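A.B. asks: Here my numbering is used: the first residue of the sequence shown is 17, the next is one more, and so on.
Think of the CB as a built atom: it goes at the ideal place given N, C-alpha and C, for glycine as much as any other residue.
Please read these numbers as outputs of a predicted model, since none were measured by experiment.
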Amino acid sequence: MAPMTTSHIDALRGTVRGAVFGPSDQGYDEARTVWNGLIDKRPAVVVRCANADDVSAAIQFARDRDLELAVRGGAHGTAGNATVDDGLMIDLSQMRQTVVDPVTRTGLVGGGATLAERDKATQEHGLAVTAGIVGHTGVAGLTLGGGMGWLTRRHGLALDNLLSAEVVGADGRIVRASAQDDPDLFWAIRGGGGNFGVVTEFEFRLHPVGPLVDFGMFFWPLEQGADALRLNRELLAEPSADVNVILAGINAPPAPFVPEEHQGEPGYAMLVTGFGPTTRHAAVADRIRRELPPLFEMVTPIPYAELQQMFDEANRFGLLAYDKALYLEDLTDDVVSVISEQIPRKTSPLSPFFLYRLDGAYCDVADEDTAFGGLRSPRYVAFMIGLADNPEMFEADKAWVRSFWDALVPYASGIGSYVNGEFEIPEDRLRASFGVDKYERLATLKAQYDPDNVFHRNANIPPAGPRPPTQRKPVD
């Protein structure tokens with residue numbers, strides 16, 4: 017790699033419409049910043065792309081000069097793969113438009129859009145698509161790895177609702193991938209992450225949601241954790257499109273509905289969202305009160321867009337973060353014991369644990385239909401997240417996350433993980449996540465679409481077979 021000079025950066029500016037930042041430029045530090053405060057990398061150059069042509073030009077520039085490439089969508093990945101030392105960062109943050117067709121119930125979403133930006137546009141028409149539960153998460157990274165949240169039981173994963181995508185490949189070509197056009201690439205990007213190119217536009221199938229949904233938060237102290245987990249299991253015994261329940265190990269928020277003496281107290285929250293008749297949500301709430309009266313509760317209709325941003329502040333930019341995830345076949349009594357033993361051991365009041373149920377529409381898609389790294393039979397997914405605003409608490413909860421994960425592994429679906437929930441994922445665990453057949457197919461397609469492994473700052477799948485020699489153009 018030859019050193020980057022001002023003349024190189026000026027030459028790049030002449031080939032793109034978007035802004036270009038070198039280390040000495042105003043705006044460089046803002047452009048290189050990502051969500052996880054643990055990550056502090058200094059790219060040689062940042063290209064804030066205006067369109068797919070800019071992305072293509074940036075890729076060609078990076079390859080010609082042997083610069084390592086990173087792609088910034090929402091910049092929300094804990095591992096910090098969106099940035100790179102001494103390489104080129106493709107920044108999609110200016111490509112964040114969402115265009116909705118309310119008649120066909122479809123939406124075109126730019127590769128740099130956040131969930132909150134997409135939700136705002138789709139909710140103007142009473143529509144939505146599966147997303148995560150933090151509004152400033154990027155649409156791109158979430159979708160390419162899976163995408164699960166409040167709507168998973170009702171409408172499947174985010175990638176299940178993808179109709180097509182505009183992709184800029186490692187050779188700079190811009191293609192449209194769908195079930196009809198380049199179906200192999202379309203299969204690969206639905207679960208294979210950023211291994212196969214830069215997605216500059218997503219076309220989603222949208223569904224009627226909201227604008228108001230029924231929401232309830234029920235909170236119990238630590239000593240009632242096992243009872244709350246067992247009740248959660250009973251409530252989710254039957255797949256339901258009308259009600260979703262996420263169980264969270266969190267500290268009670270400093271919110272007006274929380275009695276002052278309980279604010280900041282660690283415990284368990286059951287987050288119950290109703291997307292169908294209000295009577296169905298009310299029946300679940302009544303059952304919770306009857307079978308395990310909570311320490312406090314909040315039940316109210318809420319705008320869906322507001323629901324999507326409920327955890328934004330608790331996951332604000334700049335926090336130190338480390339996470340792990342795994343799939344659980346069932347919430348057995350042994351699993352309940354592990355979780356209820358581990359939750360009290362965290363140090364930081366910001367560190368959460370989340371337990372999602374995957375069934376309903378999630379199971380309507382066949383395992384082989386997408387590259388998603390998880391089986392489509394009913395199961396749970398557990399997220400252990402260390403979050404802190406100081407290094408001491410972070411180090412303590414990084415160790416907590418690892419020990420929590422280790423304690424759950426004996427009850428997990430193998431050693432595979434949900435790739436969107438992992439700070440680090442070694443090759444053996446990545447292979448286990450996809451399974452032998454999917455992994456081999458992905459590696460073969462990687463050799464076809466990115467034989468030089470240009471896109472490797474991700475849950476990386478190296479290309480199968482020997483790689484051809486790379487031809488580099490001389491640096492001017």
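1. Tell me the DSSP secondary structure of Pro-293 in three-state form.
2. Helix, strand or coil for Arg-395 per DSSP?
3. Out of Ile-266, Gln-76, Arg-392, state which residue places its alpha-carbon closest to the alpha-carbon of Phe-235.
4. If you draw a straight line from the C-alpha of Tyr-465 to the C-alpha of Ala-186, how long is it?
5. Have a look at Pro-269, Ala-459, Ala-428 and flag the residue whose alpha-carbon is nearest the alpha-carbon of Glu-443.
6. Distance, Cα to Cα, Ile-401 vs Asp-200?
7. For Ala-79, which of Leu-247, Phe-471, Phe-212 has the nearest alpha-carbon?
8. Tell me the residue span of the beta strand (DSSP E) that contains Leu-104.
9. Using only CA atoms, which one of Arg-473, Leu-424, Met-409 lies nearest to Glu-440?
10. If you draw a straight line from the C-alpha of Pro-272 to the C-alpha of Thr-295, how long is it?
11. Taking the alpha-carbon positions, what's the Glu-456 to Ala-480 distance?
12. In whole angstroms, give me the CA-to-CA distance for Asn-67 and Gly-89.
13. Could you check how far apart the C-beta atoms of Met-111 and Gly-127 are, in whole angstroms? I think they sit under 8 Å.
14. Nearest to Gly-34 by alpha carbon, out of Gln-279, Asp-405, Leu-85, Val-71?
15. Which residues bound the beta strand (DSSP E) around Phe-235?
16. To the nearest angstrom, how far is the alpha carbon of Trp-421 from that of Ala-330?
17. Could you check whether the Cβ of Phe-312 sits closer than 8 Å to any Cβ belonging to chain C?
18. Where does His-278 sit, in a helix, a strand or coil, going by DSSP?
19. Pull up the DSSP beta-bridge partners for Phe-369, would you.
20. Per DSSP, what kind of secondary structure is Ile-25 in: helix, strand or coil?
21. Pull up the distance between the alpha-carbon of Ala-244 and that of Leu-222, whole angstroms please.
22. Taking 8 Å as the threshold (C-beta atoms), are Val-315 and Met-286 in contact?
23. Using a 10 Å radius around the Cβ and a threshold of 16 neighbouring Cβ atoms, would you call Thr-216 buried or exposed?
24. Rounded to whole angstroms, what's the CA-CA distance from Pro-485 to Pro-467? Just pull it up for me.
25. May I ask you to verify whether the region 172-184 touches the region 408-420, counting CB pairs closer than 8 Å and requiring at least 3?
26. Going residue by residue through the region 75-145, where are the continuous beta strand (DSSP E) segments of at least 3 residues, counting only ones entirely within it?
27. Between which two residues does the beta strand (DSSP E) containing Pro-317 stretch?
28. Answer yes or no: do Thr-153 and Leu-167 have a C-beta to C-beta separation smaller than 8 Å?
29. Quick check on Asn-331: does DSSP put it in helix, strand or coil?
30. Is it true that the region 297-314 meets the region 141-151, where meeting means three or more beta-carbon pairs spaced less than 8 Å apart?
31. Assuming Gln-324 and Asp-135 make a contact with CB atoms under 8 Å, what is their CB distance in whole Å?
32. Drop a sphere of 10 angstroms on the beta-carbon of Gly-163, count the other beta-carbons inside from all chains shown, and report buried for 16 or more, exposed for fewer.
33. Going straight from the alpha carbon of Gly-376 to that of Val-61, what length do you get?
34. Taking DSSP as the reference, what is the three-state secondary structure of Ser-256?
35. Three-state secondary structure (DSSP) at Arg-488?
36. On the DSSP bridge assignment, give the partners of Pro-283 in chain order.
C.D. replies: Taking the structure as given:
1. For Pro-293, the secondary structure class from DSSP, reduced to helix, strand or coil, is coil.
2. Note: Arg-395 maps to strand in three-state DSSP.
3. In terms of Cα proximity to Phe-235, the closest of Ile-266, Gln-76, Arg-392 is Ile-266.
4. Each residue's alpha carbon lies about 7 Å from the other.
5. The shortest C-alpha separation from Glu-443 is found at Ala-459.
6. As the crow flies, the alpha-carbon of Ile-401 is around 34 Å from that of Asp-200.
7. Reading off the sequence shown, one finds Arg at residue 79, where the question assumed Ala. Of the residues Leu-247, Phe-471, Phe-212, the one whose Cα lies closest to the Cα of Arg-79 is Phe-471.
8. Per DSSP, the continuous beta strand (DSSP E) segment holding Leu-104 begins and ends at 104-107.
9. The shortest Cα separation from Glu-440 among Arg-473, Leu-424, Met-409 belongs to Arg-473.
10. Taking the straight line from one Cα to the other gives about 26 Å.
11. When rounded, the separation of the alpha-carbon atoms in Glu-456 and Ala-480 is 8 Å.
12. Straight-line Cα distance between these residues: approximately 13 Å.
13. With 8 Å as the limit, Met-111 and Gly-127 qualify as a contact, their Cβ atoms being about 5 Å apart.
14. Comparing Cα-Cα distances from Gly-34 to each of Gln-279, Asp-405, Leu-85, Val-71, the minimum goes to Val-71.
15. For Phe-235, the enclosing beta strand (DSSP E) begins and ends at 228-237.
16. The straight-line gap from Cα to Cα measures roughly 22 Å.
17. Within the model displayed, chain C is absent; a lone protein chain is all it includes.
18. It is helical.
19. Phe-369 has Gly-265, Met-400 as its beta-bridge partners, per DSSP.
20. Ile-25: helix per DSSP, three-state reduction.
21. One C-alpha to the other measures close to 33 Å.
22. The Cβ atoms of Met-286 and Val-315 lie no closer than 8 Å to each other.
23. Note on Thr-216: 16 or more other CB atoms within 10 angstroms of its CB, so buried under the neighbour-count rule.
24. Note on Pro-485: pLDDT 48, under 50, position unreliable in the model; the coordinate value appears next. Approximately 10 Å between the Cα atoms of the pair.
25. Contact between the region 172-184 and the region 408-420 is absent, because fewer than three Cβ pairs lie under 8 Å.
26. When DSSP assignments are scanned along the region 75-145, the uninterrupted stretches of beta strand (DSSP E) that are 3 or more residues long and fall wholly within it turn out to be 85-88, 104-107, 114-117, 122-126.
27. Per DSSP, the continuous beta strand (DSSP E) segment holding Pro-317 begins and ends at 312-319.
28. No, they are not a contact pair.
29. In the structure shown, Asn-331 falls within a helical segment according to DSSP collapsed to helix, strand and coil.
30. Judged by pairs of C-beta atoms under 8 Å, the region 297-314 does not touch the region 141-151, as fewer than three such pairs exist.
31. Yes, they are in contact, since the Cβ atoms of Gln-324 and Asp-135 sit about 5 Å apart, within 8 Å.
32. It counts as buried.
33. Those two C-alpha atoms are separated by around 45 Å.
34. Reduced to three states, the DSSP call for Ser-256 is coil.
35. With a pLDDT of only 37 at Arg-488, under the threshold of 50, the placement of this residue in the model should not be trusted; the figure read from the coordinates follows. In the structure shown, Arg-488 sits in coil (DSSP, three-state: anything other than H, G, I, E or B).
36. With the sequence shown as reference, residue 283 is identified as Gly, and Pro is not the correct amino acid for it. Answer is Pro-237, Ile-266.
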